[in-house]
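Notes follow the structure.
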Amino acid sequence: MNTTESLAQERPMEAPAVSDDVARRTRRTQGRVLRALRNLS
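For the sequence shown, position 12 (counting from the first letter as 1) is numbered 12 according to the UniProt record's numbering, and the numbering increases by one without interruption.
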């Protein structure tokens, strides 16, 4: 997934550290969602 990369390109004003933190949080959330979906099926 290149979503974070395209977002960073669209918003060059944003500090890299901030986008890194957001990307990390997004990945963590995605992992939690995927785990929950796996547990349901």
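A virtual CB, placed ideally from N, CA and C, is assigned to each residue, including glycine.
Check: Note down the Cα distance separating A23 from R35, rounded to an integer number of angstroms.; Outcome: 18 Å
Check: Taking the alpha-carbon positions, what's the P16 to R27 distance?; Outcome: 16 Å
Check: By the DSSP assignment, the alpha helix (DSSP H) with S19 in it spans what residues?; Outcome: P16 to L40
Check: Determine the direct distance from the alpha carbon of R32 to that of L40, and round the result to whole angstroms.; Outcome: 12 Å
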